[in-house]
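See below for the structure under consideration.
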Amino acid sequence: MAELKRLRVREAQSRDIGLFRKLWTELLNAQRGQGSVTQASEKTMVLYEALFNTYVENHLEGVVLFVADKGVLMWGENTSIEYDDKTLIAWGDFGSAVEGVKEALIERAEEWAIEHEYKGILRQSFGTVVPSKGYKEIGTLLFKTLSNG
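Once you know that position 126 of the sequence shown is 124 in the working numbering, the rest is easy, because the numbers rise by one and skip nothing.
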């Protein structure tokens, strides 16, 4: 845990769109290798870049985080999936496992979610992805309850 604290996790700003595009493309390519049907095409990147802007500009509540140019995470509220009004959609997280980047991103995002009174995180399950620590399977989705106290 102390090693994760040394990694500098920062919130994205509008000017980070180029870095987001680069890292999100890497994330989509990695997920594709794990069984996701989503491709890093021009059309999908338009969607994800719109989400990035929506969260960074506070049109919807959410968080986009970076660890230098080594990792990215985007979680936020979503009006298209009705599960719980205080459940975040985990759009994705990507980082070097060797350096603990992904773990640092997730740790900070969970802290952010608890600070913003979210009760849980909903994420997609596909292919060979095994439920992460604390997640339970709900059909093709994974859900994690956050402890707010």
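Idealized CB from N, CA, C, for every residue including glycine.
Judged by DSSP secondary structure, Gly16 falls outside any beta strand (DSSP E) and instead within the alpha helix (DSSP H) spanning 15 to 31. For Val65, the enclosing beta strand (DSSP E) stretches over residues 60 to 65. Met72 sits away from Leu58, with the two beta carbons spaced by 9 angstroms or more. For Val35, the secondary structure class from DSSP, reduced to helix, strand or coil, is coil. Taking 9 angstroms as the cut-off, the beta carbon of Gly31 is found no closer than this to the beta carbon of Thr85. Approximately 6 angstroms separates the beta-carbon atoms of Ile15 and Glu47; this is inside 8 angstroms, confirming the contact. The beta carbon of Val7 is closer than 7 angstroms to those of Leu63, Val65, Ala102, Leu103, Arg106 in its chain, skipping five residues each way along the sequence. When secondary structure is reduced to three states using DSSP, Glu105 falls in the helix class.
Relative to the Cα of Asn51, the nearest Cα in the group Phe18, Glu108, Leu5 belongs to Phe18. In this structure, Thr23 is the residue among Thr23, Val61, Gln29, Glu75 with its C-alpha nearest to the C-alpha of Met43. Taken through DSSP and simplified to helix, strand or coil, Arg6 comes out as coil.
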